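Q: One structure is given below, represented as structure tokens, and several questions about it will come after.
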Amino acid sequence: MVKRVEKLFHKYNNETEWRQNIDIVMKWFLEENLDFVALYFGEPDSTGHKYGPESQERKDMVSQVDRTVGYLRQRLEETGLSSNLNMIITSDHGMETVIKTDEIHLQKVQNFSFQDIKFELVDYGPHGLLEPKPGKLEQVYEALKNAHPKLHVYKKEEFPRRFRYANNTRITPLVLYGDPGYVIHGRIKVQFNKGEHGFDNEVMNMKTIFRAVGPAFKKGLEVDPFESVNIYALLCELLEITPEPHDGSLSVTQNMLAKNAGASLECEYCNGTNNCTGLKRPCPSGQDACSISLLEVPSSKDKKISKSCASSETCKLGLIEVTHGKGNFMRESITCCKEIDCTPATPTFPPQSTKPNGKSCPGCFSPTGKCTAEVVDCTGSDTYCVSFVTSTDENVINYNMKGCISESSCGLLKTHKEGVFGNNGPIKNVTCTQANNTSTSLSPSFGFLLLALLLITLLL
Numbered sequence: 051m052v053k054r055v056e057k058l059f060h061k062y063n064n065e066t067e068w069r070q071n072i073d074i075v076m077k078w079f080l081e082e083n084l085d086f087v088a089l090y091f092g093e094p095d096s097t098g099h100k101y102g103p104e105s106q107e108r109k110d111m112v113s114q115v116d117r118t119v120g121y122l123r124q125r126l127e128e129t130g131l132s133s134n135l136n137m138i139i140t141s142d143h144g145m146e147t148v149i150k151t152d153e154i155h156l157q158k159v160q161n162f163s164f165q166d167i168k169f170e171l172v173d174y175g176p177h178g179l180l181e182p183k184p185g186k187l188e189q190v191y192e193a194l195k196n197a198h199p200k201l202h203v204y205k206k207e208e209f210p211r212r213f214r215y216a217n218n219t220r221i222t223p224l225v226l227y228g229d230p231g232y233v234i235h236g237r238i239k240v241q242f243n244k245g246e247h248g249f250d251n252e253v254m255n256m257k258t259i260f261r262a263v264g265p266a267f268k269k270g271l272e273v274d275p276f277e278s279v280n281i282y283a284l285l286c287e288l289l290e291i292t293p294e295p296h297d298g299s300l301s302v303t304q305n306m307l308a309k310n311a312g313a314s315l316e317c318e319y320c321n322g323t324n325n326c327t328g329l330k331r332p333c334p335s336g337q338d339a340c341s342i343s344l345l346e347v348p349s350s351k352d353k354k355i356s357k358s359c360a361s362s363e364t365c366k367l368g369l370i371e372v373t374h375g376k377g378n379f380m381r382e383s384i385t386c387c388k389e390i391d392c393t394p395a396t397p398t399f400p401p402q403s404t405k406p407n408g409k410s411c412p413g414c415f416s417p418t419g420k421c422t423a424e425v426v427d428c429t430g431s432d433t434y435c436v437s438f439v440t441s442t443d444e445n446v447i448n449y450n451m452k453g454c455i456s457e458s459s460c461g462l463l464k465t466h467k468e469g470v471f472g473n474n475g476p477i478k479n480v481t482c483t484q485a486n487n488t489s490t491s492l493s494p495s496f497g498f499l500l501l502a503l504l505l506i507t508l509l510l
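Counting in our numbering, the sequence shown runs from 51 upward without gaps.
Rendered as structure tokens:
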């Protein structure tokens, strides 16, 4: 093993030094018999931060990087390594222009004070972590959740599951992030970059590149976009080592490998109650995962289970729950895996919250297009109202549903184009609105007590 690390304040834009580093790497492969080398260039990241991603300075730096990649490929040919060395060119993120007007500045938020905060991690781009002092969580959350239209504030347990971020002891009770272009300033403004990253990874400007060439890869193949988290499994496959547990999947990149030209994903297909078994079938185009779906409704003691191939979009749903009437709800838990011959984990449901949270929504469920709604008290983290229909390809409505839902789940449904709650018909007309505050009134028993107290007072 050999290692070379630059100093903390190293100047990363020296093109001559880049070429010298490439020559060093070629020497390592030829003389040290290495199996893997990671070569990092700190550009165009540094220039993008300083001048902005759309600046001429950054465009010039991209040209410099392009010349360096050309030199790298030239040296592979000159050293004779190109015939037995696989090369992957990628990056860790994209870049977004920072918006300097109507900025997010926590110090200026009304009813919020850093004196209520035990630990803070802000001023690092669009993300923030806050640990309120004991007894201050709700106060801080209420002060910040609607403080700025471009600021998103979540309790840790409500942070969108698709980020795979909050389920860790190091994550604080409150998680913040800004919309694309908006960074989070804390006490004073110390962020002056014109370009930044760390925004929602579904935003196009956060996307990066992936190029691969070498004997292990097919030639001239163009693949669909995929998440960078899948590169780890690909590297382990190339190095013939067993990967540690991770969130990616080899099946996503396996099609680009020459030795797996004929490999295809096969999944078990079955339907039943609580459990089922069935035969495996090849997955059709567009379905890149094996899934298990568990559906629960209060009218049945048994849970419906379904196993099949699924798309990555369906797998993102995870856990979806809608309360559509008093004591009536539907919830579905979906687990997936993408490796060849894999078996998804058994889906489970967390304990259901029955305590009203002070919010309400119109709720109903109907197998036809008509749905007469009644007021439903929301519970737990369900602070949004949802309305949607599912229909067949002939636009025949299979069912109509309205009810309480969590903000993150409603956001997933809005981008979901396939079936939900055991229905194969596509979901349509999804609307998400903030739930209403539940109106309060004196209960009969309290009213009687108050009347009795008044009478006693008068008699005295």
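All C-beta atoms in this analysis are idealised placements derived from N, C-alpha and C, irrespective of residue type, glycine included. These figures come from a predicted structure and were not determined experimentally.
Quick one: residues in its chain with C-beta nearer than 8 Å to the C-beta of G497, no 5 flanking neighbours on either side, listed in chain order?
A: In this prediction, G497 has a pLDDT of 39, which is less than 50 and means its spatial position is unreliable; what the coordinates show is noted afterwards. Result list for G497: empty, nothing under 8 Å.
Q: Name, in chain order, the residues that DSSP records as bridge partners for R261.
A: I139.
Q: Rounded to whole angstroms, what's the CA-CA distance from Y101 to E93? Just pull it up for me.
A: Near 12 Å, if we compare the C-alpha coordinates of E93 and Y101.
Q: Based on DSSP bridge pairs, tell me the residues matched to D427.
A: Answer is S410, bridged to D427.
Q: Counting along the chain, where does the beta strand (DSSP E) carrying Y101 start and finish?
A: That residue, Y101, is in no beta strand (DSSP E); its alpha helix (DSSP H) goes D95 to Y101.
Q: Just the Cα atoms here: how many angstroms apart are C386 and L289?
A: Roughly 26 Å between the two C-alpha positions.
Q: With DSSP collapsed to three states, give me the class of F415.
A: F415: strand per DSSP, three-state reduction.
Q: Under the three-state reduction of DSSP, which class applies to M145: helix, strand or coil?
A: Three-state DSSP puts M145 in coil, outside helix and strand.
Q: Should I259 be labelled buried (16 or more other beta-carbon atoms within 10 Å of its own) or exposed?
A: Classification of I259: exposed, given that the 10 Å Cβ count is below 16.
Q: Does the segment 374 to 392 come into contact with the segment 282 to 302, if we say contact requires no fewer than three beta-carbon pairs (one atom in each stretch) closer than 8 Å?
A: As far as the Cβ criterion goes, the segment 374 to 392 touches the segment 282 to 302, which means the pair count is three or higher.
Q: Taking R214 as part of the beta strand (DSSP E), name the residues at either end of that continuous run.
A: Here R214 belongs to no beta strand (DSSP E), and DSSP marks it neither H nor E.
Q: For the candidate residues V112, G144, D274 and L367, whose alpha-carbon lies nearest to that of I384?
A: Nearest of V112, G144, D274 and L367 to I384, Cα basis: L367.
Q: Report the three-state DSSP secondary structure of T151 (helix, strand or coil).
A: Note: T151 maps to coil in three-state DSSP.
Q: Would you mind sorting H99 into buried or exposed? The rule is 16 or more other CB atoms within 10 Å of its CB.
A: Flag for H99 reads buried.
Q: For the putative contact between N136 and P265, defined by C-beta atoms under 8 Å, what is the C-beta separation to the nearest angstrom?
A: Confirmed, Cβ separation roughly 7 Å.
Q: Distance check for N196 and G178, CA to CA, integer angstroms please.
A: Rounded to the nearest angstrom, the two C-alpha atoms are 15 Å apart.
Q: For H235, which residues in the same chain have their Cβ closer than 7 Å to its Cβ, ignoring the five residues on either side in sequence?
A: Correct list, in chain order: E153, I154, H155, L156, D173 and Q241.
Q: Taking the Cβ atom as the reference point for each residue, do F415 and G375 lie within a distance shorter than 8 Å?
A: Taking 8 Å as the Cβ cut-off, F415 and G375 qualify as a contacting pair.
Q: Excluding the 5 residues flanking S410 on each side, which residues of the same chain have their C-beta closer than 7 Å to its C-beta?
A: Hits under 7 Å: V425, V426, D427, C428, A485, N486 and T488.
Q: Just curious, the alpha helix (DSSP H) that F79 is in, first and last residue?
A: Note, F79: alpha helix (DSSP H), E65 to E81.
Q: For the alpha helix (DSSP H) containing K109, name the first residue and the last one.
A: Unbroken alpha helix (DSSP H) run through K109: Q106 to T129.
Q: On the three-state DSSP scale, how would you describe C392?
A: It is coil, neither helix nor strand.
Q: Roughly how many angstroms separate the alpha carbons of V112 and G336, rounded to a whole number?
A: Roughly 34 Å separates the two Cα atoms.
Q: Residue range of the beta strand (DSSP E) that E277 falls in?
A: First-last for E277: undefined, no H or E at that position.
Q: What residue range is occupied by the uninterrupted beta strand (DSSP E) comprising Y204?
A: L201 to K205 is the extent of the beta strand (DSSP E) around Y204.
Q: If you pair each beta-carbon of the segment 175 to 191 with each one of the segment 243 to 256, do three or more pairs fall below 8 Å?
A: The answer is yes - the segment 243 to 256 touches the segment 175 to 191, with three or more Cβ pairs under 8 Å.
Q: Which term fits V87, buried or exposed, when burial requires 16 or more other beta carbons within 10 angstroms of its beta carbon?
A: It counts as exposed.
Q: I think E192 touches S431, with their Cβ atoms under 8 Å apart; what is that distance to the nearest whole Å?
A: No, E192 and S431 are not in contact; Cβ-Cβ is about 15 Å, not under 8 Å.
Q: If you measure between the beta carbons of K441 and T481, is that distance less than 8 Å?
A: Going by the sequence as given, residue 441 is Ser instead of Lys. Cβ atoms of S441 and T481: not closer than 8 Å.
Q: Taking the straight line between their C-alpha atoms, what separation do you get for N315 and S361?
A: According to the sequence displayed, residue 315 carries Leu and not Asn. Approximately 12 Å, taken between the alpha carbons.
Q: What separation, rounded to the nearest whole angstrom, lies between the Cα atoms of T507 and V470?
A: Reliability of the predicted coordinates at T507 is poor, the pLDDT of 42 falling under 50, and the value obtained from them is presented with this limitation in mind. Rounded to the nearest angstrom, the two C-alpha atoms are 60 Å apart.
Q: Ends of the alpha helix (DSSP H) at G461?
A: That run of the alpha helix (DSSP H) goes E457 to T465.
Q: So with Cβ pairs under 8 Å, would you call C460 a contact of chain C?
A: Absent from the structure is chain C; it holds one protein chain and no more.
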